[in-house]
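Trainee: Before I ask anything, here is the structure I am working with.
Protein chains: 2
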Amino acid sequence: VKIQEIGEFALIQSLRDLVCQSVTSAGDITSELLLGIGDDAAAWYTTGTTELATTDTMVEGVHFRHEFTSWQDLGWKAMAVNVSDIAAMGGRPTFTLVTLGLRPETNVEDVHELYRGILSACREYNCYIAGGDIVRASSTFITIALIGVSDQSMLTRQMARPGDLVAVTGSLGCAAGGLRALAEGISLDGDSGDHLYQALVHPIPRVKAGQALVSHGIQAAMDISDGLVDDLSKMCVSSGVGAVIYADSVPVHPSLKDAFPQDYLSFALNGGDDYELLFAGREEIIFRAVAMLGSSATVLGRIVVEHPGKVEVLHENGYGVQPTAGGWDHFR
Amino acid sequence: VKIQEIGEFALIQSLRDLVCQSVTSAGDITSELLLGIGDDAAAWYTTGTTELATTDTMVEGVHFRHEFTSWQDLGWKAMAVNVSDIAAMGGRPTFTLVTLGLRPETNVEDVHELYRGILSACREYNCYIAGGDIVRASSTFITIALIGVSDQSMLTRQMARPGDLVAVTGSLGCAAGGLRALAEGISLDGDSGDHLYQALVHPIPRVKAGQALVSHGIQAAMDISDGLVDDLSKMCVSSGVGAVIYADSVPVHPSLKDAFPQDYLSFALNGGDDYELLFAGREEIIFRAVAMLGSSATVLGRIVVEHPGKVEVLHENGYGVQPTAGGWDHFR
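Residue numbers (my numbering), protein chains in the order written: chain A, 11 to 342; chain B, 11 to 342.
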């Protein structure tokens, strides 16, 4: 059986099973592990601290193309998507290891630009490059491993409960709109176009929002990288629940509606690459949290008792539409 | 200027400069950093603990070929080379993040074998897979990020002092001999051949030896991955010293002499992929440490006042030979 036949998520599930089955030894380190494979970041306990760790890789031709993104934006994004995983736990990033796979004919100045992008994200989110590795490769790839700290309790995917309201920060679908425009050669001139392009190449991880959610009593959250419906479904699987999304409540930026008057909702529901926070909690907590986050958060659905992972999208007339098979699976 | 023109190490140096120049912000995380880019692992201080972190990547066609190594051995080695970096700091590994770059047509069972190799190393060295990432790629790569803990003081590359003796664990050159034999189609049947092959595909990181060195007062150490002369030169650069190696003292396994009666010394001096520990210290400390490690450690040189990084290899007749330009630079 080949990976492309079963897809990324079945493969990960089978590897997770192998890890869990692996015989553990006497002086077992797992007693310190708080969260393993399956959340935005791993978490373990060290003396007095809960530490977080995540890793994300961007591969040329799969996650980016050099003609669509500058080296500096690439560096920013590679770091930002990892910072977003730490934000989704309610933590703050600390140290990072940067691995670059590079073609020998790559210009040194381009690598410096890449690093400048990485470093500008490090400055913005107060983390530091502690080490890394550089290897020769036939296409460019960037792997960031990011360590963080949770100063309070953690946000996890397992804590959504039936009756909870579901909300998100920011607006959704802009990055997917930007990508579609680039792929189809649609001009991104003007403010609207630039907004979509920036959403794609310069995502803003929600570190402060994540920490604020924790301090307001939210316990269930994740970041949206594979699309709202797909990621909400993952949260629902982890929590053993289902969810309903009210399509008309999904926050969409005017620039996206301008550029894609027909398709904006599909981008917002299934686009991906948003790096906004998706969170759930009891009504009174959600309303307080959303008020605190101001116009930058929106309630858009509810957690329900359902087959775990089932997410239904409801339109204004109440008619349930099956979400299109969305989300990213680069292997299928 | 292209990477292949300046090489891996000049590129790393220039990136390190960028990191150091990067403006630091008010709530600066660097105050907790103990060791950044340039040693076997990074180290930082968390409440009550010194934490270590390292990352190493193996790329198909650069660091391994599928026809020469099984998926399971590949998994072992990918983890072992990282564990070796933690061993070189005198620490012990704890948690790891595993990133796999895989072709879509890769067999799922092969990925499982890879994971079995990784997991067997995890069991052996008591560390745990806490997370990771799987991405589509045009050739296989494996990136391991490994976290560890230093329970005592650390071994670093900066602590070699003139007059120190230089010693290594184990014997050197077998992995390079194994690689040469595979590349030239020389049979590796029989015990000798198998020894060389195992040295190449199943290296044994020296975690216990590293911890023992710390407890015996050794402060300067690193692991040998790029070849004895090249790595000793790196330690010397970090410490601002030079070194002399007595060629006839370099420990060489009989299997390597058998297989390569002409070239064994060149493999031992410049071969790489050894994952033995190279360490330096005052005579009385080194002799005590070597005695404690038994037949598994050998004194082979001395640290001298010299141009930082200069390593001279002396043969029996006292004639200094300039080391061949050794070490691995995959970009040149």
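Backbone N, C-alpha and C fix where the C-beta goes; we use that ideal spot for every residue, glycine too.
Because the structure is a prediction, the values reported are computed rather than measured.
(1) Note down, in chain order, every chain B residue with its Cβ under 7 Å from the Cβ of residue 177 (chain A).
(2) Helix, strand or coil: how does DSSP classify residue 11 (chain A) here?
(3) Determine whether the Cβ of residue 249 (chain B) lies closer than 8 Å to any Cβ atom of chain A.
(4) Check the C-beta distance from residue 107 (chain A) over to residue 65 (chain B) and give it rounded, since I have them as a contact under 8 Å.
(5) Compute the beta-carbon to beta-carbon distance between residue 145 (chain A) and residue 67 (chain B), rounded to the nearest angstrom, for a pair I have assumed lies under 8 Å.
(6) Please list the terminal residues of the continuous beta strand (DSSP E) segment that includes residue 233 (chain A).
(7) Measure from the alpha carbon of residue 167 (chain B) to the alpha carbon of each residue in B:186, B:97 and B:28, then state which is nearest.
(8) Identify which residue in A:214, A:209, A:321 and A:52 has its Cα closest to the Cα of residue 251 (chain A).
(9) Helix, strand or coil for residue 264 (chain A) per DSSP?
(10) Taking only beta-carbon positions, decide if residue 214 (chain B) is within less than 8 Å of chain A.
(11) Does the beta carbon of residue 12 (chain A) sit closer than 8 Å to a beta carbon anywhere in chain B?
(12) Taking the C-alpha atoms as reference points, what is the distance between residue 265 (chain B) and residue 78 (chain A)?
(13) Below 8 Å CB to CB, which residues in the same chain sit around residue 317 (chain A) once its five sequence neighbours on both sides are set aside?
(14) Threshold first: 4 residues or longer. Then list the alpha helix (DSSP H) segments lying entirely within the stretch 72 to 157 of chain B, N to C.
(15) Residue 69 (chain B) lies in the alpha helix (DSSP H); which residues open and close that run?
(16) Taking all protein chains shown into account, decide if residue 197 (chain A) is buried (16 or more other Cβ within 10 angstroms of its Cβ) or exposed.
(17) Per DSSP, residue 322 (chain B) is paired with what?
(18) Identify each residue in the stretch 227 to 238 of chain B for which the Cβ-Cβ distance to at least one residue of chain A is less than 7 Å, and report them in chain order.
(19) Are the beta-carbon atoms of residue 46 (chain B) and residue 52 (chain B) separated by less than 8 Å?
(20) Looking at the structure shown, is residue 26 (chain B) part of a helix, part of a strand, or coil, going by DSSP?
(21) Can a CB atom of chain A be found closer than 8 Å to the CB of residue 81 (chain B)?
(22) Here's a check: name, in chain order, each residue in its chain whose Cβ is nearer than 7 Å to the Cβ of residue 224 (chain A), leaving out the five neighbours to either side.
(23) Using 7 Å as the cut-off, classify the Cβ of residue 261 (chain B) as near or not near the heavy atoms of the ligand COA, replying yes or no.
(24) Looking at C-alpha atoms only, which residue of B:202, B:142 and B:233 is the closest neighbour of residue 23 (chain A)?
(25) Give the residues from the stretch 285 to 316 of chain A that approach chain B closer than 9 Å (Cβ to any Cβ), ordered along the chain.
(26) List, in order along the chain, the chain A residues whose C-beta lies closer than 9 Å to that of residue 163 (chain B)?
(27) With DSSP as the reference, label residue 198 (chain A) as helix, strand or coil.
(28) Quick one: is residue 274 (chain B) buried, meaning 16 or more other Cβ sit within 10 Å of its Cβ, or exposed?
(29) Does residue 145 (chain B) get closer than 8 Å to chain A when you measure Cβ to Cβ?
(30) Shorter than 8 Å from the beta carbon of residue 86 (chain B) to some beta carbon of chain A?
(31) Could you tell me which residues DSSP pairs with residue 312 (chain A) in its beta bridges?
(32) Residue 147 (chain B) and residue 113 (chain B) - do their beta-carbons sit closer together than 8 Å?
(33) Strictly under 8 Å for the Cβ-Cβ distance: is residue 51 (chain A) near chain B by that measure?
(34) Give the DSSP-derived three-state secondary structure of residue 285 (chain B) in the structure shown.
(35) Could you please tell me which residues of the stretch 124 to 144 of chain B, in chain order, have their CB closer than 8 Å to any CB of chain A?
(36) Restricting to Cα atoms, I'd like to know which of B:311, B:218 and B:226 is closest to residue 259 (chain B).
Mentor: A quick look at the data gives this:
(1) By one-based count along the first sequence, residue 177 (chain A) stands at place 167. Here the premise fails: no neighbours, minimum Cβ distance about 26 Å.
(2) Counting from 1 along the first sequence, the entry for residue 11 (chain A) is found at position 1. Here residue 11 (chain A) sits in coil by DSSP.
(3) The residue you call residue 249 (chain B) lines up with position 239 of the second sequence. No, its Cβ sits nowhere closer than 8 Å to a Cβ of chain A.
(4) The residue given as residue 107 (chain A) occupies position 97 in the first sequence. The residue given as residue 65 (chain B) occupies position 55 in the second sequence. Confirmed, about 4 Å.
(5) The residue labelled residue 145 (chain A) in the question sits at position 135 within the first sequence. The residue labelled residue 67 (chain B) in the question sits at position 57 within the second sequence. Contact between residue 145 (chain A) and residue 67 (chain B) is confirmed by a C-beta separation of about 5 Å, below the 8 Å threshold.
(6) As a first step, residue 233 (chain A) must be located in the first sequence, where it is residue number 223. Per DSSP, residue 233 (chain A) belongs to the beta strand (DSSP E) from 230 to 233.
(7) Within the second sequence, the letter at position 157 stands for residue 167 (chain B). Residue 167 (chain B) has its Cα closest to that of B:97, out of B:186, B:97 and B:28.
(8) Residue numbering aside, residue 251 (chain A) sits at position 241 when the first sequence is read from its first letter. For residue 251 (chain A), the closest C-alpha among the options A:214, A:209, A:321 and A:52 is that of A:321.
(9) As a working note, residue 264 (chain A) is residue 254 in the first sequence. Helix.
(10) For the purposes of this step, residue 214 (chain B) is taken as residue 204 along the second sequence, with counting starting at 1. Residue 214 (chain B) does not count as touching chain A.
(11) As a working note, residue 12 (chain A) is residue 2 in the first sequence. Chain B, which has a Cβ nearer than 8 Å to the Cβ of residue 12 (chain A), makes this yes.
(12) Numbered from 1 along the second sequence, position 255 holds the residue referred to as residue 265 (chain B). Numbered from 1 along the first sequence, position 68 holds the residue referred to as residue 78 (chain A). C-alpha separation (whole angstroms): 54 Å.
(13) One-based indexing of the first sequence puts residue 317 (chain A) at position 307. Excluding positions up to five away in sequence, the list reads 252.
(14) Taken in chain order, the complete alpha helix (DSSP H) segments of 4 or more residues contained in the stretch 72 to 157 of chain B are 81 to 97 and 118 to 135.
(15) Taking the second sequence and counting its residues from 1, one reaches residue 69 (chain B) at position 59. Counting along the chain, residue 69 (chain B) falls outside any alpha helix (DSSP H), though it belongs to the beta strand (DSSP E) covering 59 to 69.
(16) Here residue 197 (chain A) is taken as the residue at index 187 of the first sequence, counted from 1. Classification for residue 197 (chain A): exposed.
(17) Residue 322 (chain B) sits at position 312 when you count from the first residue of the second sequence. Beta-bridge partners of residue 322 (chain B) (DSSP): B:254.
(18) none
(19) Position 36 of the second sequence, counting from 1, holds the residue named residue 46 (chain B). Position 42 of the second sequence, counting from 1, holds the residue named residue 52 (chain B). Going by C-beta atoms, residue 46 (chain B) is nearer than 8 Å to residue 52 (chain B).
(20) Here residue 26 (chain B) corresponds to residue number 16 of the second sequence, with the count starting at 1. Residue state, collapsed to three classes: helix.
(21) Residue mapping note: residue 81 (chain B) aligns to position 71 of the second sequence, counting from 1. No, because no Cβ of chain A sits closer than 8 Å to the Cβ of residue 81 (chain B).
(22) Locating residue 224 (chain A) in the first sequence gives position 214, where the first residue counts as 1. 100, 162, 163 and 165.
(23) What this structure holds is no ligand at all, so the ligand COA is not there to describe.
(24) In the first sequence, residue 23 (chain A) corresponds to position 13, counting from 1. Considering only alpha carbons, the answer is B:142.
(25) Flagged: no residues at all.
(26) Working through the second sequence from its first residue, we reach residue 163 (chain B) at position 153. Close to residue 163 (chain B), with beta-carbon spacing below 9 Å, lies no residue of chain A; the smallest spacing is near 17 Å.
(27) Indexing the first sequence from 1 puts residue 198 (chain A) at position 188. Reduced to three states, the DSSP call for residue 198 (chain A) is coil.
(28) Within the second sequence, residue 274 (chain B) is the residue found at index 264, counting from 1. Buried is the call here.
(29) In the second sequence, counting from the first residue as 1, residue 145 (chain B) sits at position 135. Closer than 8 Å: yes.
(30) Locating residue 86 (chain B) in the second sequence gives position 76, counting from the first residue. Chain A contact via Cβ: absent.
(31) One-based indexing of the first sequence puts residue 312 (chain A) at position 302. Answer is A:175 and A:254.
(32) As a position in the second sequence, residue 113 (chain B) is number 103, starting the count at 1. As a position in the second sequence, residue 147 (chain B) is number 137, starting the count at 1. In contact: residue 113 (chain B) and residue 147 (chain B) (Cβ atoms closer than 8 Å).
(33) The residue you call residue 51 (chain A) lines up with position 41 of the first sequence. Answer yes: the Cβ-Cβ gap between residue 51 (chain A) and chain B drops below 8 Å somewhere.
(34) Translated into positions along the second sequence, residue 285 (chain B) becomes position 275. Residue 285 (chain B) falls in the coil class under three-state DSSP.
(35) 125, 126, 129, 132, 133, 136, 137, 138, 139, 140, 141, 142, 143 and 144
(36) Numbered from 1 along the second sequence, position 249 holds the residue referred to as residue 259 (chain B). For the residues B:311, B:218 and B:226, the minimum Cα distance to residue 259 (chain B) belongs to B:311.
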